[in-house]
Each structure stands twice: as C-alpha cells, then as structure tokens.
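Trainee: Taken in order, these protein sequences are the chains called A and B.
So the first sequence is numbered by this note's numbering: it starts at 1 and just counts up by one.
So the second sequence is numbered by this note's numbering: it starts at 118 and just counts up by one.
Just passing along the structure, written as structure tokens.
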Amino acid sequence: ETGVTQSPTHLIKTRGQQVTLRCSSQSGHNTVSWYQQALGQGPQFIFQYYREEENGRGNFPPRFSGLQFPNYSSELNVNALELDDSALYLCASSTTWTGGRSGNTIYFGEGSWLTVV
Amino acid sequence: QKEVEQDPGPLSVPEGAIVSLNCTYSNSAFQYFMWYRQYSRKGPELLMYTYSSGNKEDGRFTAQVDKSSKYISLFIRDSQPSDSATYLCAMRSSYKLIFGSGTRLLVRP
C-alpha cells in the first residue's frame, strides 16, 4: 500500500465527453504528478502540481488540465475525449524535489482505467 | 530514438532461475534510476532506487547502474512465480520520471 488513492477505478466515456479523475496523495507528500499509460507502454508524464500550481508539463494538449487542493489532493480533467485517450491514468505523490544524493521517491496509486468509445 | 529503451519480452524462465532485466538510455545527465514492478491492471510499485553508478542490493533484488555505458540492470535471484509481472525502468529528469516500455516476466512453476 502506497497511501495514494485514486477514483474511480474504472470508467467508460463517449468520444467528445469530459472526465474528471481524482487522487489523494500519501500523507506528508505535497507534490502530485499525473501519468498516462497506454496498453503495452510505460507511463508518460502529463503534469505535476506543487502548492496548487502546475510546475511542469509533458507533451499533452491543453484539454488535459488539473487542479491541486490545499490538502494536496488533485484532479485530472480531460475535455473533448478522443479514442486514443483510452488508458490507465496514474497519480503519483512525492515530497518536494530537492535534488542531491538522496533525491526523493515517487509512489503511484493503482490508477483509473478510462475507456473511450 | 526513445530516451529509454527496454526489451518488451516476454521473458519466460523456470522457478529458481536468475533473471536479468535491462534498460539503455541516451541522456548522460540522468542521475536517479528506478525499477518498478507492475502487476496486471495495477499501479507500478517501487522496487529499487539508485543514485548514480554502482550496485544496490535488497533481498533477492540487485540493481546495477553503469553510467559510462548508459545501461542499467535489475537482477532477481531465486525467481518465484509471484515475480511474474511487468518490470519498468525509470529515470528521473528534474520533476518527472521517464519510463521504459516495460519487460513482461513470466516465472514458470
């Protein structure tokens, strides 16, 4: 158990719809990242939130957006869903990245399976 | 060329075998290297975390980093059927992780 919880676990949406996925980070972790994992692929970084602001983004269009709340929980919103958005969406939590030898570790939740039909 | 390359497998071994999983990468600036295990339809679970070059051992698992060759390995001794999963290597690039595509491992009883 990593202490990172995600909801819902599975959902099916129609092309063009919007979806909101939710994540509660591990206690003491103030940084939340979201990743998309297509079938047979490794996770791809979408964006990261720290202190309720996006502070890093991968190669994803603006219809992927997010929020972080004062309790460090987070949401991922995807608008105008496309068939290729079908994937496992993973939330990861960590402490603030400070570099150095010890670095920090990143823990993943179990993910939300999104199917777009 | 992908930043991180990993053979997708599947790799099938008998129970008790020593397993070797590998990744190559292109960015010499990477300093932090991780191995995650992912069971079917589950989230990735952190197995090993290594900083810079060298070896790190934890129980049956040994992680090895060779920065001069841009090559990392995970060895599993006395493999068990419960080790059957997909193994993902990952490298830290500032605030994000860059993953390989994963190697599927099957340990036969």
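By construction, the Cβ of each residue, glycine as well, lies at the ideal position given by its N, Cα and C atoms.
Tell me the DSSP secondary structure of D200/B in three-state form.
Mentor: Residue state, collapsed to three classes: helix.
Trainee: Under 8 Å, CB to CB, which of the residues in the segment 51–74 of chain A have a partner in chain B?
Mentor: Against chain B - using a Cβ distance shorter than 8 Å - the residues of the segment 51–74 of chain A are N55, G56 and G58.
Trainee: If you check the beta carbons only, do Q123/B and S218/B fall under 9 Å apart?
Mentor: For Q123/B and S218/B, yes; Cβs fall inside 9 Å.
Trainee: Closer than 9 Å, CB to CB, is V182/B near chain A or not?
Mentor: No - not a single Cβ of chain A is within 9 Å of the one on V182/B.
Trainee: So I46/A and F69/A are supposed to be a Cβ contact under 8 Å. How far apart are they, rounded?
Mentor: I46/A to F69/A, Cβ: 18 Å. No contact.
Trainee: Cutting at 7 Å between CB atoms, please list the residues of its own chain near D175/B, excluding the five before and the five after it.
Mentor: Excluding residues within five positions, the ones whose Cβ falls inside 7 Å are M165.
Trainee: Please name the residue, chosen from T95/A, N55/A and V117/A, that lies closest to V4/A on a Cα-to-Cα basis.
Mentor: For V4/A, the nearest C-alpha among the options comes from T95/A.
Trainee: Excluding sequence positions up to five away, which residues of its chain have a Cβ less than 7 Å from the Cβ of G126/B?
Mentor: Here the set comprises T220, R221 and L222.
Trainee: Does the beta carbon of K173/B sit closer than 9 Å to a beta carbon anywhere in chain A?
Mentor: No, no contact with chain A.
Trainee: Between the segment 144–172 of chain B and chain A, which residues of the former have CB atoms less than 9 Å from a CB of the latter, in chain order?
Mentor: Residues passing the 9 Å Cβ filter: Q148, Y149, M151, Y153, Q155, R158, K159, G160, P161, E162, L163, Y166, Y168 and S169.
Trainee: Name the chain B residues whose beta carbon is nearer than 7 Å to that of I106/A?
Mentor: Simply L214.
Trainee: Which of the three DSSP states is assigned to L83/A in this structure?
Mentor: Three-state DSSP puts L83/A in a helix.
Trainee: Do G109/A and G171/B count as a contact pair if the criterion is CB distance below 9 Å?
Mentor: No, these two residues do not count as a Cβ contact at 9 Å.
Trainee: Between the alpha carbons of S112/A and T141/B, how many angstroms are there, rounded?
Mentor: Approximately 29 Å between the Cα atoms of the pair.
Trainee: Counting contacts by CB-CB distance shorter than 9 Å, is P125/B in contact with chain D?
Mentor: Looking for chain D here will not work: the only protein chains present are A and B.
Trainee: Under 9 Å, Cβ to Cβ, is there at least one residue of chain B near T95/A?
Mentor: No, T95/A lies away from the interface with chain B (no Cβ there is under 9 Å from its Cβ).
Trainee: What do you get for H10/A, buried or exposed, if any count of 16 or more other CB atoms within 10 angstroms of its CB means buried?
Mentor: Answer is exposed; the Cβ neighbour count stays below 16.
Trainee: Taking the beta carbon of G66/A as the centre, do at least 16 other beta carbons fall within 10 Å, making it buried, or is it exposed?
Mentor: Label assigned to G66/A: buried.
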